[in-house]
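Number of protein chains: 2
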Amino acid sequence: MSGTASRIPAVDGLRADARQNRDRIVEVAGALFAERGLDVPMAAIARRAGVGVATLYRRFPTKESLVAEVFADQFAACVSVVDEALADPDPWRGFCTLVEKVCAMQAVDRGFSAAVVASLPHAIDLDRERERGLRGFAELVRRAKAAGRLRPDFSEDDLVLLLMANGGIVAHSADAALAASRRLVAYLLTSFAGDGPLPPPVALSLRDVPHLATSRT
Amino acid sequence: MSGTASRIPAVDGLRADARQNRDRIVEVAGALFAERGLDVPMAAIARRAGVGVATLYRRFPTKESLVAEVFADQFAACVSVVDEALADPDPWRGFCTLVEKVCAMQAVDRGFSAAVVASLPHAIDLDRERERGLRGFAELVRRAKAAGRLRPDFSEDDLVLLLMANGGIVAHSADAALAASRRLVAYLLTSFAGDGPLPPPVALSLRDVPHLATSRT
DNA sequence: GGTTAAGCGGAGAGCACCATCCGCTTACGC
DNA sequence: GCGTAAGCGGATGGTGCTCTCCGCTTAACC
Chain A
6 MSGTASRIPA VDGLRADARQ NRDRIVEVAG ALFAERGLDV PMAAIARRAG
56 VGVATLYRRF PTKESLVAEV FADQFAACVS VVDEALADPD PWRGFCTLVE
106 KVCAMQAVDR GFSAAVVASL PHAIDLDRER ERGLRGFAEL VRRAKAAGRL
156 RPDFSEDDLV LLLMANGGIV AHSADAALAA SRRLVAYLLT SFAGDGPLPP
206 PVALSLRDVP HLATSRT
Chain B
6 MSGTASRIPA VDGLRADARQ NRDRIVEVAG ALFAERGLDV PMAAIARRAG
56 VGVATLYRRF PTKESLVAEV FADQFAACVS VVDEALADPD PWRGFCTLVE
106 KVCAMQAVDR GFSAAVVASL PHAIDLDRER ERGLRGFAEL VRRAKAAGRL
156 RPDFSEDDLV LLLMANGGIV AHSADAALAA SRRLVAYLLT SFAGDGPLPP
206 PVALSLRDVP HLATSRT
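The listed protein sequences correspond, in order, to chains A and B. For the first sequence, the numbering used here begins at 6 and goes up steadily by one. For the second sequence, the numbering used here begins at 6 and goes up steadily by one.
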């Protein structure tokens, strides 16, 4: 464990203190984003992490890159929820828990909610993960329809619809977000199962989004 | 028609040109808010109205007051939609058209959507109107439930839930907003009619909102 | 037509934010 | 211990916003 790394100070090329700072930055940023949404100032993050802004910007050249890093894990978790759902022998139950879990994640973390909807145009790894998640979701939809539990005119695009709607809930309600989100989801799941007239589905491109800022304290 | 008004230049105390400018400001602001959301800069409004910013601020001391003025009409229209709905002999049909119309208003006008959700804490006339609208809505809900068409566990607070969800749709989709909103509404109306397990209702205080800015181009 | 208050517009104060620059500090490897 | 590259933080640009100040213009009334 001490041979080859003679020039490289640490496994990832970062000095020990720098590494620590970096980790702390990500941690603090995550907490602040969750609590106050994506538009907390970089200075606030730096201050709370106990570093200068310069340090922050040295690790993450732009705010967007920081956001991407912070939510990469949660994004991945999100996708793995799809895998879990696919593993469920009952596709409809899988579908429901999937929707419930993802929306709960959104509700609990304001930043994540905004990040999902904004979906960070330039973060390629996230994009690829999302692609994978969507494919899994499509499969789940197919199965749930085949099982006769999901209405046939449900569109995959309705997931985006749901996410945006849920985002609207989260954006404007501080503490009641989770409870409100749950109720919305319950309503919609009921509707996804049942039937009734429905206007045609709408493809909402998740990515035509503004800058970054969406919500606020 | 020429007796008493010797000192007063116009009925509302505004000089003719000033009056014209004021009207034009409101008109232009309405258009811009609708198109780009509430956070279009005051300077942009002034420019497009062909006046200086000072003129704008002389008529409307704060941006919020301008927003309030612009949406007062639409707010009233919104409330009158409630009256129409109450006039419908079929309370469920009234309920549905009410929801559809209000959500369509939200979808067509980004600014209105934001304004409804933000609901301008300090605009008292709007508040009173809203109060009246909500009372009417409550009555409509009562009737629709009595008719057995609206599920008994529907809560009045679910209207706010719906508005916020719809706001989420509108905020993040430029042109497809109306179509998407319609689909969401259709889903939810289906669910409002049917039944199924539902978590308890949540009172979302429409007014705990940030500053003003919510959406963006 | 002349007087005058009301109205006007642009420049800029004040603020918040993202991002950068530069001189000092410190962990690391010998 | 010591040299050095890597790391650090505060001051500083630069931008975009809301709202204010002040000297000029013009509509309204005689």
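Cβ atoms here follow ideal geometry from the backbone N, Cα and C, with glycine treated the same way.
- Put simply, the CB of Thr102(A) is far from chain B, with every gap to its CB atoms at 8 Å or more.
- Remark: C-beta atoms of Ala198(B) and Leu155(B) approach each other more closely than 8 Å.
- Under the 10 Å beta carbon count, Arg147(A) is surrounded by fewer than 16 other beta carbons and is classified as exposed.
- Spatial neighbours of Cys101(A) in its own chain (CB-CB distance under 8 Å, excluding positions within 5 residues in sequence) are listed in chain order as Leu194.
- When CB distances to chain A are screened at a threshold of 9 Å, the residues of the segment 190–212 of chain B falling below it are Val190, Ala191, Tyr192, Leu193, Leu194, Thr195, Ser196, Phe197, Ala198, Gly199, Asp200, Gly201, Pro202, Leu203, Pro204, Pro205, Pro206, Val207, Ala208, Leu209, Ser210 and Leu211, in chain order.
- Taking 4 residues as the shortest admissible run, the segment 105–169 of chain B contains the following complete alpha helix (DSSP H) segments, listed from N- to C-terminal end: 115–123 and 129–151.
- Sequence-distant Cβ neighbours of Lys150(B) in its own chain, meaning closer than 6 Å and more than five residues away, are Pro157.
- By the criterion of a C-beta distance shorter than 6 Å, Phe80(A) is surrounded in its chain by Leu131 and Glu134, once the five residues flanking it on both sides are discounted.
- In this structure, Gly172(B) sits away from Val107(B), with a CB-CB distance that is not shorter than 8 Å.
- A Cβ-Cβ separation of about 5 Å places Asp162(A) in contact with Ala208(A) under the 8 Å criterion.
- Within 8 Å of the CB of Ala181(B), the CB atoms of chain A belong to Val207, Ala208 and Leu209, in sequence order along the chain.
- Nearest CB-CB separation between Ala184(B) and chain A: below the 8 Å threshold.
- Among the residues facing chain A, Ser85(B) is not included, as its CB has no counterpart in that chain under 8 Å away.
- Gly42(B) places its beta carbon 8 Å or farther from that of Ala51(B).
- The beta carbon of Ala48(B) is closer than 6 Å to those of Val58 in its chain, skipping five residues each way along the sequence.
- Proximity of chain B to Gly57(A) at the Cβ level (cut-off 8 Å) is not reached, the minimal Cβ distance being about 28 Å.
- Excluding sequence positions up to five before and after Trp97(B), its CB lies within less than 7 Å of the CB of Ala149, Ala152, Arg154 and Leu155, all in the same chain and listed in chain order.
- The count of Cβ pairs closer than 8 Å, one atom from the segment 71–88 of chain A and one from the segment 24–43 of chain A, reaches three, so the stretches are in contact.
- Nearest in C-alpha terms to Leu91(B), of all of Asp200(B), Gly138(B) and Pro46(B), is Gly138(B).
- Listed in chain order, the positions of the segment 149–172 of chain B with a beta carbon within less than 8 Å of a beta carbon of chain A are Asp163, Leu166, Met169, Ala170, Asn171 and Gly172.
- For Phe38(B), the enclosing alpha helix (DSSP H) has its first and last residue at Ala21 to Arg41.
- Just so you know, the alpha carbons of Leu203(B) and Leu189(B) end up roughly 18 Å apart.
- Contact check for Leu183(B) and Ala119(B): beta-carbon distance about 16 Å, past the 8 Å limit, so the pair fails to qualify.
- Note on geometry: alpha-carbon atoms of Asp44(A) and Tyr62(A) lie some 16 Å from one another.
- The shortest CA-to-CA distance from Leu167(A) to any of Glu105(B), Val86(B) and Tyr192(B) is the one to Tyr192(B).
- Rounded to whole angstroms, His177(B) and Met169(A) show a C-alpha spacing of 7 Å.
- Per DSSP, Ala179(A) lies in no alpha helix (DSSP H) and is assigned neither H nor E.
- Between Gly18(B) and Val87(B), the C-beta spacing is not below 8 Å.
- Annotated three-state conformation of Ala208(A) is coil, per DSSP.
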